[in-house]
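**Student:** Protein chains in written order, with the numbering used here: chain W, 521 to 860; chain X, 521 to 860. All residues carry an ideal CB built from backbone N, CA and C; glycine is no exception. Values in this document were obtained by computation on a predicted structure and should not be read as measured data.
There are 2 protein chains.
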Amino acid sequence: MAVTIRDVARAAGVSISTVSRALAAPEQVAEPTRLLVQATAHKMGYRPNRNARSLVTGRSNSIGLVVPDLENPYFGSVCKGVQARARAAGYAVFIADTNEDPAVETEIVQSLIKQVDGVVLCSPRGTDAEIAKLVTQTPVVLANRLFEGTPSIIFDNGGGVRAVLRHLVALGHQRIAYAGGPESSWSNGERTRAFTGYGAEVAGLDLIELGNFPPFFSGGLQAGDLAIASGATAVVAYNDIMALGLVDRLRQRGLSAPEDLSVTGFDNVAVSTFVRPNLTTVNLPRVQMGRMCVDALLELVHDAPTAQPTVTELPVELMVRQSSGVARTPVQQELLDVDV
Amino acid sequence: MAVTIRDVARAAGVSISTVSRALAAPEQVAEPTRLLVQATAHKMGYRPNRNARSLVTGRSNSIGLVVPDLENPYFGSVCKGVQARARAAGYAVFIADTNEDPAVETEIVQSLIKQVDGVVLCSPRGTDAEIAKLVTQTPVVLANRLFEGTPSIIFDNGGGVRAVLRHLVALGHQRIAYAGGPESSWSNGERTRAFTGYGAEVAGLDLIELGNFPPFFSGGLQAGDLAIASGATAVVAYNDIMALGLVDRLRQRGLSAPEDLSVTGFDNVAVSTFVRPNLTTVNLPRVQMGRMCVDALLELVHDAPTAQPTVTELPVELMVRQSSGVARTPVQQELLDVDV
DNA sequence: CGAAACATCGAAAAGGTTTGCATCATTGGT
DNA sequence: ACCAATGATGCAAACCTTTTCGATGTTTCG
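(1) Give the interface partners of residue 650(W) over in chain X, defined as CB-CB distance under 8 Å, in chain order.
(2) So which residues of chain X does residue 735(W) contact, with C-beta pairs closer than 7 Å?
(3) If we define contact as Cβ-Cβ less than 8 Å, is residue 620(W) a contact residue for chain X?
(4) Per the DSSP calculation, residue 787(W) is bridged to which residue(s)?
(5) Which ranges would you report for the beta strand (DSSP E) in the stretch 628-654 of chain W if only whole runs of at least 3 residues count?
(6) Report the neighbours of residue 615(W) on chain X: residues whose CB is nearer than 8 Å to its CB, in chain order.
(7) For residue 588(X), does the count of other Cβ atoms within 10 angstroms reach 16, so buried, or fall short, so exposed?
(8) Taking 8 Å as the CB-CB cut-off, is residue 575(W) touching chain X?
(9) If we define contact as Cβ-Cβ less than 8 Å, is residue 477(W) a contact residue for chain X?
(10) In whole angstroms, give me the CA-to-CA distance for residue 658(X) and residue 635(X).
(11) So what does residue 782(W) bridge to, in DSSP terms?
(12) So for residue 860(W), helix, strand or coil by DSSP?
(13) List, in order along the chain, the chain W residues whose C-beta lies closer than 8 Å to that of residue 794(X)?
(14) Starting from residue 839(W), follow its DSSP beta bridges and name the residues at the other end.
(15) Using 8 Å as the threshold, is the stretch 575-589 of chain X in touch with the stretch 548-561 of chain X, meaning 3 or more CB pairs across them?
(16) Name the chain W residues that come within less than 8 Å of residue 563(X), Cβ to Cβ?
(17) For residue 572(X), return the contacting residues in chain W, with the cut-off set at a CB-CB distance below 7 Å.
(18) Can you give the beta carbon distance from residue 843(W) to residue 784(W), rounded, assuming they're within the 8 Å contact cut?
(19) From what residue to what residue does the beta strand (DSSP E) around residue 736(X) run?
(20) What do you reckon, are the CB atoms on residue 591(W) and residue 596(X) nearer than 8 Å?
(21) Can you look up residue 617(W) in the DSSP assignment and give me helix, strand or coil?
(22) When you compare only the Cα positions, how much space is there between residue 644(W) and residue 749(X)?
(23) If you pair each beta-carbon of the stretch 812-822 of chain W with each one of the stretch 775-790 of chain W, do three or more pairs fall below 8 Å?
(24) For the beta strand (DSSP E) containing residue 729(X), list its first residue and its last residue.
(25) Here's a check: name, in chain order, each residue in its chain whose Cβ is nearer than 7 Å to the Cβ of residue 747(X), leaving out the five neighbours to either side.
(26) When you compare the CB of residue 534(W) with every CB in chain X, is at least one pair closer than 8 Å?
(27) Excluding the 5 residues flanking residue 535(X) on each side, which residues of the same chain have their C-beta closer than 7 Å to its C-beta?
(28) Within 10 Å of its beta-carbon, does residue 546(W) have 16 or more other beta-carbons around it, so buried, or fewer, so exposed?
(29) How far does the alpha helix (DSSP H) with residue 703(X) in it extend, from its first residue to its last?
(30) Are any of the Cβ atoms in chain W nearer than 8 Å to that of residue 835(X)?
(31) Under three-state DSSP, which class holds residue 656(W)?
(32) Cβ-heavy atom distance between residue 534(W) and the ligand FMN below 7 Å?
(33) Alpha carbon to alpha carbon, what distance is there between residue 718(X) and residue 663(W)?
(34) Taking its Cβ as the centre, do 16 or more other Cβ atoms sit within 10 Å of residue 760(X), making it buried, or is it exposed?
(35) Using a Cβ-Cβ cut-off of less than 7 Å, give me the residues of the stretch 800-825 of chain X that come near chain W, in sequence order.
(36) Is there contact here, the stretch 799-813 of chain X with the stretch 601-614 of chain X, by at least three beta-carbon pairs under 8 Å?
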């Protein structure tokens, strides 16, 4: 059915090996032969069987991409970057959605390993032990997660949080709350740490952790009431969707952002500019993260022994928009005075 | 390095073929042997080399998924469905993002063909001729597009539009505008046709086409002014994001939905419930679409000769929310009277 | 002119799996 | 007790390619 290298060889009157070389390593075969072979191959529409090639070379020219949830636009962006860069490098991309389930994650990765040259693990939910086991089996690059000895691409979460806080402080906020994401999330840990750490850097701040919430709209609704009750004048949300929920809960309670409470998000997902008030948030270069993951992975695949694992921290950018404003002075601050 | 079928065979004290059968065709091997082999294979962490398998069977057990834009949550959902179902069936998924570019689309599909058993083409932007050529080369299932002789999964666009219009008419709207999406979009064609067609079904309606707009927030902003100028009391937008833009433009002009103008969307993307007013829209079961694409494709791959191409129309659901309300009677209708 | 280096190409192995066919044992029927 | 049928398992070919190694013929240099 399909035309094989054998057919080409016969048609061109040369050996199989010559055909292989004429196409893969042209400099190793004499000009006339090379031209003949290339012409015949092209005329017959010959395409090397990638499976056969992979079987002998041990390389598949494809990579795996594992994400927790394909429906989440956050990961969609990363996927886009990964796919684009991989394609440019001649690699195909296997995609896997773990449904946020660590068990599925390990299982799915295991089944991928055999058919790819390496894996990009995006925001992995698995334990360190699981990752440790994985990295012994195949080249791995981590996104949004650190693991000793494995190349990682991460965002400057700390820088983002500090930029937000600096911005809020400049607006006169002193009592600021943080509405956290999932406890198991690595980036939430980073952001929480940066948040509380900022208290030591800047004197006179009153930083409140509201707790951990599901990183969805509903989580923001929950956090909203706590934020109001906390007496804070500004809330930093773990991500944009939560910030949206927060803003909405404020409105439900007859309050509004930024007049009564400043609200900030994280991620800068598209929707943050589609709503009123536009969300002040931190832009994360997600597509670029995808691209860099591929770069790091291919480097690992090719120069495996020499390359030393590095962690790349991508710069983030504060996007000041409408949901943050000057701290309100009235009621709440007076209450605070009473408190003291 | 990796554990092969040979290792398992040696460890279990059986032949290679027995191992192969014990795992792939368990009914062909005696109970005790089967259990022994399965146990050893599992213990050793044996995973069949898919390349070797594909080489001999001629099947890759993987499918290709081609989408216009991975960053678009619409396609993210479809991807999720495709991936989940494919995985359940033991198939891996190659993903490809065409960047909405027809040229890239054909190019990328061609490079995929040789390494997959079939392709799911989601909302293809290419011409019919390109699709015609493609379907001769590999099993193909189309999503959001019809092509003679090729299985397709589509949404009941017409039903969705009619449901929206029925809803608006019930609210007293008579002069209704449609803000179209890209001219080249198949589903926009369907929706436009249903929109204009509804005028014939229901007497006394005044249906206005505002034109074609980019299916983004910016497109909605553009359409907003035209909608206001049209004197319509309700606008049906091609999709949710445009509807968001429309609502925002209304607000910028000092108007609001649904008081001054009812606005409806299409797709029911997550964000449509995160905004005020919540968007009245049409829910499309996108994840299910992904699943059904895989079902159709695998059927095609397995029973190729017998199966006759079918088009499956997925039911949609009108989600009535806040952005649509009773038609306003004042100013605009009086102006209309003058007009007549 | 001879030998060594080189350029070119072919033969053959290797890669891991599936599967048709052969073999062997067991069972049931006569 | 023998034969046929059935069931379980092993043998070996085949899938298509890359790549090592060696063979052959050619050039270069001393």
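**Tutor:** Result, derived from the coordinates:
(1) Within chain X, no residue comes near residue 650(W); the closest Cβ sits about 14 Å away, beyond 8 Å.
(2) The premise fails here: residue 735(W) is roughly 13 Å from chain X at the closest Cβ pair, so nothing lies under 7 Å.
(3) no
(4) 803(W)
(5) 639-642
(6) 585, 599, 603, 613, 614 and 615
(7) buried
(8) yes
(9) Absent from the structure is residue 477(W), since the part of chain W shown begins at 521 and ends at 860.
(10) 11 Å
(11) 754(W)
(12) Any reading at residue 860(W) is ruled out, since the residue's pLDDT is 40, under 50, leaving its predicted position unreliable.
(13) 737, 761, 764, 765, 768, 791 and 795
(14) 801(W)
(15) no
(16) In chain order: nothing, as chain W lies at least about 14 Å away.
(17) 575
(18) 7 Å
(19) First-last for residue 736(X): undefined, no H or E at that position.
(20) yes
(21) strand
(22) 51 Å
(23) no
(24) 726-732
(25) 697, 699, 730, 755, 766 and 781
(26) no
(27) 529
(28) exposed
(29) Looking at the DSSP string, residue 703(X) is not in any alpha helix (DSSP H), and its letter there is neither H nor E.
(30) no
(31) coil
(32) This structure does not include the ligand FMN; it has no bound ligands of any sort.
(33) 50 Å
(34) buried
(35) none
(36) yes
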